[in-house]
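Novice: In our numbering, the protein residues as written are 5 to 138.
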């Protein structure tokens, strides 16, 4: 397994397949992608997990975090998130946050992230804002 920075274009197929398979491919690209940091996990040269980070002043936002279903529950996403948090701690970021799917709350709590909003929806999917001070 290898973690490295990738282009936003490389993230799109996995984002689409995992997060929004019923939406058009373009739905998985956001305007901020050009300025974001994009990370990928490769297993035998196969991209199996992606995450994007968008920096604003002293805050970093995690978005579009997706792991291929065949590679879920193997610690790959956890290793990527640990890598990203360690990377951010080396800079000027004070807070790390995300809109977490309700189904992923326990995952993010393992990284000391806490819920800081009421439940809200994007389409039919329930989310909460979560954050952690770095």
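Think of the CB as a built atom: it goes at the ideal place given N, C-alpha and C, for glycine as much as any other residue.
Beta-carbon within less than 6 Å of residue 67's beta-carbon, same chain only, minus the 5 sequence neighbours each way: which residues are those?
Specialist: These residues qualify, in order along the chain: 56.
Novice: Would you tell me roughly how many angstroms separate the C-alpha atoms of residue 125 and residue 48, rounded to the nearest one?
Specialist: Looking at the two C-alpha atoms, the distance is approximately 36 Å.
Novice: By DSSP, does residue 34 sit in helix, in strand, or in coil?
Specialist: Looking at residue 34 - three-state DSSP - the assignment turns out to be coil, as it is neither helix nor strand.
Novice: Check residue 51 in the structure and name its three-state DSSP category.
Specialist: strand
Novice: Looking at the unbroken beta strand (DSSP E) that takes in residue 63, where does it start and where does it end?
Specialist: Note, residue 63: beta strand (DSSP E), 63–71.
Novice: Can you check whether the CB of residue 131 is closer than 8 Å to the CB of residue 105?
Specialist: yes
Novice: Let's test the definition: count the other Cβ atoms within 10 Å of the Cβ of residue 8 and tell me whether it reaches 16, buried, or not, exposed.
Specialist: Note on residue 8: under 16 other CB atoms within 10 angstroms of its CB, so exposed under the neighbour-count rule.
Novice: Please identify the residue among 63, 26, 62 and 32 whose C-alpha is closest to the C-alpha of residue 54.
Specialist: 32
Novice: According to DSSP, residue 7 sits in a beta bridge with which residue or residues?
Specialist: 45
Novice: Name the two residues that bound the continuous alpha helix (DSSP H) containing residue 135.
Specialist: Here residue 135 belongs to no alpha helix (DSSP H); instead the beta strand (DSSP E) covers 129–137.
Novice: Provide the residue(s) that pair with residue 102 in DSSP beta bridges, ordered along the chain.
Specialist: 66 and 134
Novice: Should residue 50 go down as buried or exposed, given a rule of 16 or more other Cβ atoms within 10 Å for buried?
Specialist: exposed
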